[in-house]
Amino acid sequence: MLGPLNYIIWLVAFLAEGYVVVRAFAQNDFLPYFSLNFYMFAVALASVGEYYYLQRFGFASVQYYYFYYYSDFLLTVFLFFAVTGLYEHVFREMKLSQYIRVGAGLLLVATAAFSYLVVLQHKGHLTGRFVVELGQNLYFVGVVLTYLLWGAVLKLRETRARLVQLVLALGIYFSASAATYALRNLFTGLEFLKIIPPVVNTWLPLAWAYTFTKVPEDARLATARLAARLSR
Amino acid sequence: MIAALIVVISLAALLQFFISYCRSLLAAYGKVELSEQVREITGLEKQPVTGEEFKRVLQLVRLCPDRGDDGVQIRLVGTYYSLLDLVRAMMGWLSPAITGWADQERQSCSYFAAVALDRRIMHSRDLLAQQMPDRV
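Protein chains in written order, with this note's numbering: chain A, 1 to 232; chain B, 1001 to 1136.
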């Protein structure tokens, strides 16, 4: 049974997702950050679908369960494309787009194959196990990809404040999600861990809404100084 | 085994991303010049901002009407400040450099709070200005 808090979390996330997309259209920012905005659009659509399944079939229904987790995985794949888009922004001047896309695609296939092999060894309790295992692996690949991207941002002394904050917000989202799924994998009986993913899901739209609104495209950040402070 | 490894690595990455994100916020706010009014209100007109001022300035921020766009960031920096307090208390005895670093970061947090206060005061003033013609 869902309480008022769950509905508030859902509403906050949905409003922030919608805001990012509408604002991108209004400010002609949709195409420059296409993969990020497309992801936000897909998340907003999934939120509507989630609400529909919740009202129609109920929280404990199989239909809602399947919709929630499988849309989540599909959205994670879209988020990989968003990460690829950020890689392209960072490496734009080096003209490495083609290699980045091929690399990200190969990584995605390898993750799916690895998850399939893991699940194959646990055929007995496939559905629940599969959901958590796949979520854990997909989000962890996201952590690795974002960490490498953050390393590149520091190495290349990237100064675009908007890009830096988008990457870091994504890193927080991926690592929090990966940790939550992995904890659920370790402690299957802990029910409260199921509440964390919806809370984590509000982070990315809120953080991106803030970045797109408050950090202008031409704002610069002394990433070099940030790196120096990090290594101090 | 793999899940345990993922938990450890992800939490370490989360901590690093969180710290870097907070620092990027502090760096962006650090570029903003404080108004004379805020310096006067906070008592920072004659002395530089110190790390200890953070909680006091934050209380003043909470007294102002919410702009609705900086709440998450203020909470994040508040968490970062608490983390720094913890680092200072638990690891400060190891090296004075750690205490110095934590103090410098806490100072940036205080400056962040002062800028947030400045923005909220300006927002309140705008709201008041919008309401005044209606009264007349």
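Think of the CB as a built atom: it goes at the ideal place given N, C-alpha and C, for glycine as much as any other residue.
Since the structure is predicted, the reported quantities are computational estimates derived from the model, not experimental observations.
Exposed is the label assigned to residue 26 of chain A, since fewer than 16 other Cβ atoms lie within 10 Å of its Cβ. Proximity of chain A to residue 1024 of chain B at the Cβ level (cut-off 8 Å) is accounted for by 161, 164, 165, 168, 221 and 226, in chain order. Here the region 1019 to 1039 of chain B does not lie against the region 181 to 188 of chain A, with fewer than 3 beta-carbon pairs under 8 Å apart. Counting only Cβ-Cβ distances below 8 Å, residue 1072 of chain B has contacts in chain A at 206, 207 and 210, in chain order. For residue 1088 of chain B, no pairing in a beta bridge is given by DSSP. Secondary structure remark: continuous beta strand (DSSP E) runs of at least 3 residues inside the region 153 to 195 of chain A: none found.
A residue is called buried when at least 16 other Cβ atoms come within 10 angstroms of its Cβ; residue 1070 of chain B meets this threshold and is buried. Residue environment for residue 8 of chain A: exposed (fewer than 16 other C-beta atoms within 10 angstroms of its C-beta).
Selection A/134, A/29 and A/20 evaluated against residue 69 of chain A yields A/134 as nearest (Cα-Cα). If you ignore the 5 residues before and after residue 1029 of chain B, its C-beta comes within less than 6 Å of the C-beta of 1112 and 1115, all in its own chain and listed in chain order. Taking residue 1053 of chain B as reference, the option from B/1126, B/1023, B/1090 and B/1081 with the minimal CA-CA separation is B/1081. The DSSP-derived three-state label of residue 220 of chain A is strand.
In this structure, DSSP gives residue 1067 of chain B a state outside helix and strand, which the three-state scheme calls coil. With a cutoff of 8 Å on beta-carbon distance, residue 166 of chain A and residue 211 of chain A are scored as near each other. By the Cβ test, the region 77 to 97 of chain A is in contact with the region 150 to 163 of chain A, since at least three Cβ pairs between them sit closer than 8 Å. The beta carbon of residue 17 of chain A lies closer than 7 Å to those of 40, 43, 44, 47 and 205 in the same chain, with the five residues before and after it left out. Residue-level contact by beta carbon holds for residue 213 of chain A and chain B, with a gap shorter than 8 Å. Under the criterion of beta carbons closer than 8 Å, residue 53 of chain A and residue 73 of chain A do not qualify as touching, at roughly 16 Å.
C-alpha of residue 193 of chain A to C-alpha of residue 180 of chain A: approximately 7 Å in a straight line. A Cβ-Cβ contact shorter than 8 Å links residue 209 of chain A with residue 20 of chain A. Residues of chain B whose Cβ lies closer than 8 Å to the Cβ of residue 186 of chain A are, in chain order, 1003, 1004 and 1007.
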